[in-house]
Each structure stands twice: as structure tokens, then as C-alpha cells.
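Note that numbering that gives the first Met the number 0 has the sequence shown beginning at 0, numbered continuously upward. Think of the CB as a built atom: it goes at the ideal place given N, C-alpha and C, for glycine as much as any other residue.
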Amino acid sequence: MRHNEYEFLLNNIYYKGIIGNQAISADIYQRMQKEYSKLNFYAPNRGERETEFAFKKSFLIVRTYVQQAIKDGIRNFQSAMQATDVTKLNYMVAMLNRNFFDKRGLDQIISNVNTVFNQYSSN
């Protein structure tokens, strides 16, 4: 489970209280994880549209918070960041702009973003 990485990303970018606890809470990510598990449990031929809709809805919420955190993190740390890191982060924002509903891909983006921001948040 990667809910800790999601929570870490948002806490790393935002000071407590700036965005609501709803976004920073790992509950949103865990809800998406639960819907993802349901999606994988049901056979594709059963036509579980409600399950797919529930996953996409919860995924979209997490994806939006992650995308906004990346944008805000770029603004917060841009003066200290290397150009290659800014380019990498802008690419990840662009990836999240697409019709993107790949949970594994989102987890990888969150992990990569945390790696980049960890270099600058302690400065």
C-alpha cells in the first residue's frame, strides 16, 4: 500500500492547515485502493460498470490532489531546483493531464515526485 507516500507528498508540499485534512488524509488514497481491489476482483466479463465508475471517481480525486501538489511544489521549490528536476516534474503533471487511470503508474509518479522533492524540502 502506498497511502503513506501519498500522505507524505502532500505534507511535504503543504503546511498543515493550508489544505483541508481531507486531502492530506490517507483515507482518500485508501478508498481508491479499496475500489481498485474490487475492480481486480470482479471478472471483466461480468460488466461491473458501477465498480469501474467507483474506482475512476476515487482515482480522479487522488490524481487531482497529486497533480496540484506537484504544481505547488514546483512553485515552492523552483528557485532551488535544478532545471532537469523541474522538467521531470512538469512531465509528470502532463502525464496526469491525460485520460490517465493507471493506479500503478500513479504510485510510481508519487514515488518519483517524493524522491525529487525530498532533495529540496530539507533546504
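| query | result |
| --- | --- |
| Three-state secondary structure (DSSP) at S57? | helix |
| Classify Q81 as buried or exposed, calling it buried when 16 or more other Cβ atoms lie within 10 Å of its own Cβ. | exposed |
| Using a Cβ-Cβ cut-off of 6 Å (strictly less than) and excluding sequence neighbours within five positions of D71, which residues of its own chain qualify? | I12 |
| Starting from D175 and walking both ways along the alpha helix (DSSP H), at which residues does that stretch end? | Past the boundaries of the shown model lies residue 175; the chain is included only from 0 to 122, so the question cannot be answered. |
| Just to confirm before moving on: does the CB-CB distance between I27 and I69 stay below 7 Å? | no |
| Output the distance between the C-alpha atoms of M0 and E6, rounded to the nearest integer angstrom. | Here the model assigns M0 a pLDDT of 47, short of 50, so the residue's position is not dependable, and the following value carries that caveat. Spanning the two alpha carbons is a distance of roughly 12 Å. |
| Helix, strand or coil for E47 per DSSP? | coil |
| Where do the ends of the alpha helix (DSSP H) carrying F125 lie? | Absent from the model: residue 125. The displayed extent of the chain is 0 to 122, so no value can be given. |
| For F99, does the three-state DSSP call read helix, strand or coil? | coil |
| In three-state terms, what does DSSP make of S36? | helix |
| Measuring only the C-alpha atoms, how far is Y90 from K55? | 22 Å |
| Please list, in chain order, all residues of the same chain as F99 whose beta carbon is under 8 Å from its beta carbon, the five residues on each side excluded. | R62, L105 |
| Per DSSP, what kind of secondary structure is A93 in: helix, strand or coil? | helix |
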